[in-house]
Structure formats: C-alpha cells, structure tokens
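Notes for the one structure printed next.
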Amino acid sequence: MQQARNLVMDIGGRIARLRFMIHDRDPLFTSAFRETFEGEGLRIITTLPRTPRMNANCERVIGTVRRELLDRILILNGRHLTRVLHEYLIHYNGHRPHQSRNQRPPDIEAQPARVRDDLRSIRRNPSLQARSTNTTTPRNRSSGHVTQHSSGTPLECAPRARCSLVRGTTISTQEDRPMSVPEPDQTPATAARPSSPHQAGDLASGRREPGVEGSRPFGAHVRMSWWRPLVVLVVPPVVMVLLQILLYQVVGVIEGSDDPMSATFTPLKLLAVNLSVGISGVVAILLLARLAKVPWRSLISSPRAFDGRRLAQYLLGAALLVGAGIGVVALVAPESPGWVAFGVSGTTILMLVVTVLSTPLQSVGEELMFRSAVLPAAASWVRAVRPALAVGLVVSSLAFAVVHGSSDPWLFGYYTFIGVATGLMAIISRGIEAPAAFHIANNVLFSSVNTLMAGGEGYTIDRSTDTGDAALLILAAVNIAMVVLVWVRERRTRITT
Numbered sequence: 000m001q002q003a004r005n006l007v008m009d010i011g012g013r014i015a016r017l018r019f020m021i022h023d024r025d026p027l028f029t030s031a032f033r034e035t036f037e038g039e040g041l042r043i044i045t046t047l048p049r050t051p052r053m054n055a056n057c058e059r060v061i062g063t064v065r066r067e068l069l070d071r072i073l074i075l076n077g078r079h080l081t082r083v084l085h086e087y088l089i090h091y092n093g094h095r096p097h098q099s100r101n102q103r104p105p106d107i108e109a110q111p112a113r114v115r116d117d118l119r120s121i122r123r124n125p126s127l128q129a130r131s132t133n134t135t136t137p138r139n140r141s142s143g144h145v146t147q148h149s150s151g152t153p154l155e156c157a158p159r160a161r162c163s164l165v166r167g168t169t170i171s172t173q174e175d176r177p178m179s180v181p182e183p184d185q186t187p188a189t190a191a192r193p194s195s196p197h198q199a200g201d202l203a204s205g206r207r208e209p210g211v212e213g214s215r216p217f218g219a220h221v222r223m224s225w226w227r228p229l230v231v232l233v234v235p236p237v238v239m240v241l242l243q244i245l246l247y248q249v250v251g252v253i254e255g256s257d258d259p260m261s262a263t264f265t266p267l268k269l270l271a272v273n274l275s276v277g278i279s280g281v282v283a284i285l286l287l288a289r290l291a292k293v294p295w296r297s298l299i300s301s302p303r304a305f306d307g308r309r310l311a312q313y314l315l316g317a318a319l320l321v322g323a324g325i326g327v328v329a330l331v332a333p334e335s336p337g338w339v340a341f342g343v344s345g346t347t348i349l350m351l352v353v354t355v356l357s358t359p360l361q362s363v364g365e366e367l368m369f370r371s372a373v374l375p376a377a378a379s380w381v382r383a384v385r386p387a388l389a390v391g392l393v394v395s396s397l398a399f400a401v402v403h404g405s406s407d408p409w410l411f412g413y414y415t416f417i418g419v420a421t422g423l424m425a426i427i428s429r430g431i432e433a434p435a436a437f438h439i440a441n442n443v444l445f446s447s448v449n450t451l452m453a454g455g456e457g458y459t460i461d462r463s464t465d466t467g468d469a470a471l472l473i474l475a476a477v478n479i480a481m482v483v484l485v486w487v488r489e490r491r492t493r494i495t496t
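Residue 175 in numbering that gives the first Met the number 0 sits at position 176 of the sequence shown, and the numbers go up by one each step.
Set out below in structure tokens:
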C-alpha cells in the first residue's frame with residue numbers, strides 16, 4: 000500500500016496522462032492497492048492466469064533482466080539488489096543497443112548506429128556482467144507497460160523500451176518520458192514504511208488489512224480481522240428474527256388474530272416471513288461489504304461477474320431434480336411431509352400467488368446471508384485455502400441449521416446437509432447462482448405442493464422433535480445430484496474456454 004502511494008507521489012502531475020494499470024493476480028495486489036490508482040482515474044486491468052502474452056513486452060523485459068543481470072550476479076540483500084538494478088538501468092537506457100531502435104539505446108533520439116567496416120575494431124565492455132552487444136529487446140507494439148518481477152521487484156517499461164525501477168505496481172502510459180528512478184540507497188525497508196501509526200500497529204501485530212484476494216477461490220476470497228466475522232454471524236439472524244416478530248404483529252392486527260405467532264401459515268404470514276428473510280440477506284451482504292471493505296458484487300461471484308444465463312440454466316436443472324425428488328417422496332413415503340388432502344380454495348390461490356412472487360426473495364436472502372456472507376467471513380479465520388473453505392462450510396452450514404430452529408435430529412442434520420451442498424455449489428461455480436437456483440426451485444416447489452395438499456387451508460411447518468424421518472435421505476440425494484450437476488457443468492465450461 001505504501002509503495003503504491005510512493006509511486007503516485009513520484010509520478011506527480013504526470014499521472015493525469017496515464018491510462019491504465021496492468022497487474023497479474025498476485026495476492027499482493029490488494030483492493031487497497033488498486034484503490035490508490037483508481038482514485039487517480041486509472042483503469043485496472045488484471046491479466047488472465049498463466050497468460051504472460053497479455054503483457055508480452057514487459058515479460059520480455061523481465062527475461063532480459065534475468066538473463067543479462069540476475070543470472071550472472073549473486074545478490075546479497077535488498078540493498079545490494081537496488082544498487083545493482085540502478086546501475087543496470089543506466090546501462091540499459093544509455094548504452095545497451097536495442098534492435099527495435101536500430102541498435103540505439105532508449106536515451107539516444109536521433110543518433111544513428113555507428114557503422115564500422117572493420118569488425119575487428121568492435122569491442123565490448125561488460126557492465127555488471129551484462130552483455131552489451133549480443134542481446135535484443137522486443138519491439139514495442141504498445142504505448143508502454145509496467146510488469147511485476149517474479150522476485151518481487153517490478154520494472155517499468157515506457158515507450159522506446161526505456162525501463163525504470165519502480166516498487167509495487169504495474170502501469171501503462173502513453174507519455175514518452177520515463178518514470179522516475181529511485182535512489183540507489185532506498186532499501187525495501189524504507190519503501191515499505193507504514194504511512195500512519197495505525198498501519199504500523201497493524202504490521203506489528205500481524206493483523207491483515209480487509210479486502211478481496213482474487214487469486215483465492217470463491218468462499219475463501221475475503222480477508223478481514225478475526226472479530227468481524229462474528230458480527231456477520233450474529234447481526235443478520237437477529238435482524239431477521241426481529242423483523243419477523245414485527246411483521247407477524249402487523250399481520251395479526253390486519254387479520255385480527257388472537258395468536259399472531261402461531262405456526263400455521265396464512266398468505267400474509269408467508270409474505271412476512273419471506274420479506275424478513277430477504278431483507279436480512281441484503282443486510283448481511285451490505286454489512287460484510289462494509290466490514291471487509293470490498294465491493295458487494297465480489298460477494299455474489301468472484302473472480303467472474305454475475306451470470307444471469309448461468310442462473311437460468313441451474314434453475315431449470317434444479318426444478319427437474321427437486322420435482323423428481325418430490326415425486327419419489329410421494330410414492331415411497333406419502334405420510335412423511337404431513338400432507339392432508341388435495342384442495343383448492345381462495346386461501347390456496349392467495350398462498351400460491353405469494354409463494355411464486357415472494358419465495359424467490361426468501362431463498363435468495365438465505366443464500367446471501369449464509370453463502371455470500373457467513374461462508375467467506377468464517378473462512379477468513381484461516382489462511383490456507385482448503386482449511387479455510389472447510390471452516391467456512393462448517394460454520395455456515397451449522398448457522399443455517401440453527402436459524403431454522405429444528406430440535407429434531409433428522410431435520411437438523413438435513414438442514415446442515417443442505418448448507419454443505421449449497422456451499423459446495425457456490426465454491427465450485429465461483430458464485431451463488433447455482434445455490435440460489437437450487438434454493439428457489441426447492442422452496443417454491445415444496446411450498447406449492449404443501450399449499451395444494453393442505454385441504455384448502457393454510458399449512459403448518461412443524462420442526463419439533465420426531466417430525467423428521469429417513470425419507471429426508473431422498474431429498475439429500477437430490478442435493479447430491481445438484482452438486483454433481485454443478486460440477487459437471489462448470490468443468491465443461493472451463494474446458495471449452
């Protein structure tokens with residue numbers, strides 16, 4: 000972060016003429032690092048994984064520095080590296096011939112290369128063990144780049160293949176003048192000096208700055224302090240419960256009910272539940288975005304953008320799987336769901352309308368709360384990717400089961416399994432389109448069947464002890480089938496692309 004600020008200060012007023020910044024997917028490039036340059040009006044361009052040709056000119060310059068300098072000198076420490084690179088830059092910009100410039104160095108504008116008839120008069124003088132006559136540089140086909148050296152030292156390539164040492168960034172520019180060269184006595188320690196006492200305290204205590212790490216998979220891509228996930232884990236469910244109680248009281252006043260908290264659903268009660276869960280999901284995503292200081296879109300899908308087509312495809316597949324599961328349950332264990340009899344009334348029609356219109360909001364709200372918020376928040380407690388994903392899955396799944404408030408072991412285990420399955424869908428697909436589609440299909444279809452099989456009245460959801468049984472294994476198989484479907488679809492997509 001401080002290196003980015005130092006570079007912006009070194010460039011000064013010339014930064015207004017810069018167009019964009021190019022960097023790879025190294026986790027060193029945090030959101031705070033990128034915001035430093037975005038605040039100056041630069042567009043951020045991230046190269047694709049393992050695609051060096053996206054920044055080909057600068058990758059060639061890195062190769063030149065490795066072959067001519069770093070492979071020939073034993074570097075002792077950071078100060079030594081800075082001095083060696085500083086002297087090499089003088090050689091590179093003022094003496095080294097460049098094939099793309101008719102054997103002229105970048106600092107020489109119009110002087111033609113000297114032509115000698117007697118080749119025996121040509122001599123080479125080594126400078127820091129770098130050859131001065133037998134290497135070439137790539138042709139500059141763009142206005143200029145900057146790239147990140149794999150050892151952590153970035154190089155700037157301005158037009159005419161002039162290079163300067165920069166620390167911590169990659170920039171592309173259209174101006175012809177080279178960037179500033181740091182003083183040789185500037186060491187990595189001074190370049191990385193914290194800009195404030197708060198930052199110094201964070202560095203001393205080992206605390207990590209909030210942000211998104213694009214190199215990590217979805218679900219383990221958010222970084223924040225240890226206490227912030229606790230806020231995400233507690234606040235949204237509390238908001239949901241309070242909203243539901245408040246809306247139930249409003250519904251009780253409208254319907255004139257003596258027991259507004261009864262478990263029997265009416266159209267208005269169903270609407271109240273769906274709205275409270277949907278609003279709580281939005282609260283969860285906005286809360287995590289603020290605590291982690293990340294864009295809320297990165298909590299929906301990362302590193303890719305949200306894909307509506309992917310959502311529609313998964314919704315179709317999930318509807319088929321859930322419909323098949325309901326059919327098997329009706330054939331094998333028709334008494335398990337607690338269905339009374341088929342019946343249609345005015346209440347049934349209103350319930351179906353509310354189900355179709357508002358249940359998707361409730362389903363998406365739960366996915367936002369547990370897959371987009373709790374999963375990455377809990378995973379931020381662990382640095383290693385796989386253990387982080389495991390922690391995120393366990394915590395989000397158990398929270399999902401606890402919020403549903405079931406005291407029956409079968410139901411609690413089933414809700415936990417749903418949490419694990421939908422979490423795996425999100426991780427595999429790198430977004431919540433797949434789990435949201437499955438959740439929508441599952442809740443809409445089951446709510447519709449429960450409404451139609453309630454004898455024309457409102458239905459009751461009983462999650463007390465001894466209400467679950469082995470028939471839930473059929474629905475668990477549906478979850479597994481959906482996970483397999485997501486895995487196959489995502490694998491084919493990555494192979495074709």
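Beta carbons are placed, not taken as given, at the ideal position from N, Cα and C, and that holds for glycine.
**Prompt:** Which partner residues of residue 22 appear in the DSSP bridge assignment?
**Reply:** As a working note, residue 22 is residue 23 in the sequence shown. Note: residue 22 sits in a beta bridge opposite 45.
**Request:** Rounded to whole angstroms, what's the CA-CA distance from residue 19 to residue 59? Just pull it up for me.
**Result:** If you number the sequence shown from 1, residue 19 lands on position 20. If you number the sequence shown from 1, residue 59 lands on position 60. In this model, residue 19 and residue 59 are separated by some 20 Å (Cα to Cα).
**Request:** List the DSSP bridge partners of residue 211.
**Result:** Within the sequence shown, numbered from 1, the residue matching residue 211 stands at position 212. Partner(s): 221.
**Request:** Return the CA-CA distance between residue 163 and residue 6, expressed in angstroms with no decimal places.
**Result:** Your numbering for residue 163 matches position 164 in the sequence shown. Your numbering for residue 6 matches position 7 in the sequence shown. The predicted position of residue 163 is uncertain, since its pLDDT is 43 and thus under 50; a value taken from the coordinates is nonetheless stated next. For residue 163 and residue 6, the distance between alpha carbons rounds to 12 Å.
**Request:** State the CB to CB distance for the pair residue 238 and residue 354, rounded to an integer number of angstroms; the pair is presumed to be in contact (CB under 8 Å).
**Result:** Numbered from 1 along the sequence shown, position 239 holds the residue referred to as residue 238. Numbered from 1 along the sequence shown, position 355 holds the residue referred to as residue 354. Contact doesn't hold; Cβ gap of about 23 Å is too wide.
**Proximity to residue 21 [Cα-Cα], best of 12, 10, 13 and 33** = Locating residue 21 in the sequence shown gives position 22, where the first residue counts as 1. Checked all of 12, 10, 13 and 33; the closest Cα to residue 21 is 33.
**Asked** For the region 351 to 398, which segments carrying the alpha helix (DSSP H) assignment without a break, of at least 4 residues, lie completely within its bounds, in sequence order?
**Response** If we require 4 residues or more, the alpha helix (DSSP H) runs fully inside the region 351 to 398 come out as 374 to 378.
**Request:** Assuming residue 399 contacts residue 417 (C-beta within less than 8 Å), just tell me the rounded distance between them.
**Result:** For the purposes of this step, residue 399 is taken as residue 400 along the sequence shown, with counting starting at 1. For the purposes of this step, residue 417 is taken as residue 418 along the sequence shown, with counting starting at 1. Going by Cβ atoms, the distance from residue 399 to residue 417 rounds to 7 Å, so yes, they are a contact pair.
**Item:** Three-state secondary structure (DSSP) of residue 316
**Value:** In the sequence shown, the residue the question calls residue 316 occupies position 317. Here residue 316 carries a helix assignment [DSSP, helix/strand/coil].
**Asked** Between 413, 348, 411 and 364, which lies nearest to residue 450 when the distance is taken from Cα to Cα?
**Response** One-based indexing of the sequence shown puts residue 450 at position 451. Ranking 413, 348, 411 and 364 by Cα distance to residue 450 puts 348 first.
**Message:** In whole angstroms, give me the CA-to-CA distance for residue 97 and residue 106.
**Reply:** By 1-based counting over the sequence shown, the position of residue 97 is 98. By 1-based counting over the sequence shown, the position of residue 106 is 107. When rounded, the distance between both Cα atoms is 11 Å.
**Message:** If I follow the unbroken alpha helix (DSSP H) through residue 9, where does it start and stop?
**Reply:** Taking the first residue of the sequence shown as position 1, residue 9 is located at position 10. From DSSP, the alpha helix (DSSP H) with residue 9 extends over 1 to 10.
**Prompt:** For residue 476, which of helix, strand or coil comes out of DSSP?
**Reply:** The residue given as residue 476 occupies position 477 in the sequence shown. Helix, per DSSP.
**Prompt:** Do the region 275 to 294 and the region 240 to 257 make contact, defined as three or more Cβ pairs closer than 8 Å?
**Reply:** yes
**Contact set for residue 53: own chain, Cβ-Cβ below 7 Å, skip 5 residues either direction** = Counting from one through the sequence shown, the residue named residue 53 turns up at place 54. Taken in chain order, the residues that qualify are 46 and 47.
**Message:** Cutting at 6 Å between CB atoms, please list the residues of its own chain near residue 484, excluding the five before and the five after it.
**Reply:** Position 485 of the sequence shown, counted from the start, is the residue given in the question as residue 484. The residues are 316.
**Prompt:** Quick one: what's got a C-beta closer than 8 Å to residue 492's C-beta in the same chain, skipping five residues either side?
**Reply:** Numbered from 1 along the sequence shown, position 493 holds the residue referred to as residue 492. Excluding sequence neighbours, residue 492 sits near nothing in its chain.
**Message:** Taking the alpha carbon of residue 232 as the reference point, which residue from 490, 436 and 376 has its own alpha carbon closest?
**Reply:** Position 233 of the sequence shown holds residue 232. With distances taken between Cα atoms, residue 232 lies closest to 376.
**Message:** Are the CB atoms of residue 217 and residue 558 within a distance shorter than 9 Å?
**Reply:** Not covered by the structure: residue 558. The range shown for the chain is 0 to 496.
**Prompt:** Hey, how far is the Cα of residue 291 from the Cα of residue 454?
**Reply:** For the purposes of this step, residue 291 is identified with residue 292 of the sequence shown, where counting begins at 1. For the purposes of this step, residue 454 is identified with residue 455 of the sequence shown, where counting begins at 1. Spanning the two alpha carbons is a distance of roughly 49 Å.
**Prompt:** Which residue comes first and which comes last in the alpha helix (DSSP H) that contains residue 285?
**Reply:** Translated into the one-based positions of the sequence shown, residue 285 becomes position 286. 266 to 291 is the span of the alpha helix (DSSP H), which, as asked, contains residue 285.
**Request:** Pull up the distance between the alpha-carbon of residue 341 and that of residue 388, whole angstroms please.
**Result:** One-based indexing of the sequence shown puts residue 341 at position 342. One-based indexing of the sequence shown puts residue 388 at position 389. If I take the Cα positions, the gap works out to 44 Å.
**Request:** Tell me whether the beta-carbon of residue 328 lies closer than 9 Å to the beta-carbon of residue 474.
**Result:** Position 329 of the sequence shown, counting from 1, holds the residue named residue 328. Position 475 of the sequence shown, counting from 1, holds the residue named residue 474. Yes, the Cβ-Cβ distance between residue 328 and residue 474 is below 9 Å.
**Request:** Please decide whether residue 460 counts as near chain C, where near means a Cβ-Cβ distance under 9 Å.
**Result:** Here there is only one protein chain, and chain C is not present.
**Message:** Which same chain residues end up closer than 8 Å to residue 321 when comparing Cβ atoms and leaving out the 5 residues on each side of it in sequence?
**Reply:** Mapped onto the sequence shown, residue 321 falls at position 322. So the list reads 437, 440, 441, 444, 445 and 477, once near-sequence residues are dropped.
**Item:** Proximal residues to residue 185 (C-beta, below 7 Å), its chain only, five neighbours per side dropped
**Value:** Locating residue 185 in the sequence shown gives position 186, counting from the first residue. Residue placement at residue 185 cannot be trusted, given a pLDDT of 41 that sits under 50; what the coordinates show is reported in the next sentence. So the qualifying residues of the chain are 81.
**Message:** Suppose you measure from the CA of residue 434 to the CA of residue 306; what does that come to, to the nearest Å?
**Reply:** Within the sequence shown, numbered from 1, the residue matching residue 434 stands at position 435. Within the sequence shown, numbered from 1, the residue matching residue 306 stands at position 307. Answer to the nearest angstrom: the Cα atoms are 13 Å apart.
**Run of the alpha helix (DSSP H) containing residue 36, from where it starts to where it stops** = Here residue 36 refers to the residue found at position 37 when the sequence shown is read from its first residue. Start and end: 30 to 37.
**Message:** Let me make sure I understand the geometry here. Which of 462, 267 and 287 has the alpha-carbon closest to that of residue 227?
**Reply:** Here residue 227 refers to the residue found at position 228 when the sequence shown is read from its first residue. The residue with the shortest Cα to Cα distance from residue 227 is 287.
**Prompt:** Per DSSP, residue 81 is paired with what?
**Reply:** Numbered from its first residue, the sequence shown carries residue 81 at position 82. Note: residue 81 sits in no beta bridge, so no partner.
**Other residues of its chain near residue 366: CB distance less than 6 Å, five sequence neighbours each side excluded** = As a first step, residue 366 must be located in the sequence shown, where it is residue number 367. Answer for residue 366: 431, 434, 435 and 438, listed in chain order.
**Asked** Cα separation between residue 304 and residue 371?
**Response** If you number the sequence shown from 1, residue 304 lands on position 305. If you number the sequence shown from 1, residue 371 lands on position 372. Roughly 14 Å separates the two Cα atoms.
**Message:** What does DSSP give as the partner residue(s) for residue 447 in the beta ladder?
**Reply:** In the sequence shown, the residue the question calls residue 447 occupies position 448. Paired residues: none, contrary to the question.
**Asked** Between the C-alpha atoms of residue 51 and residue 23, what's the straight-line distance to the nearest angstrom?
**Response** Working through the sequence shown from its first residue, we reach residue 51 at position 52. Working through the sequence shown from its first residue, we reach residue 23 at position 24. Approximately 9 Å between the Cα atoms of the pair.
**Asked** Looking at the unbroken alpha helix (DSSP H) that takes in residue 420, where does it start and where does it end?
**Response** Counted from its first residue, the sequence shown places residue 420 at position 421. 408 to 428 is the span of the alpha helix (DSSP H), which, as asked, contains residue 420.
**Item:** Buried or exposed by the 16-neighbour rule on C-beta atoms within 10 Å, applied to residue 146
**Value:** The residue labelled residue 146 in the question sits at position 147 within the sequence shown. For residue 146, the pLDDT reaches just 39, beneath the cut-off of 50, and the residue's location in the model is therefore unreliable, leaving the point undetermined.
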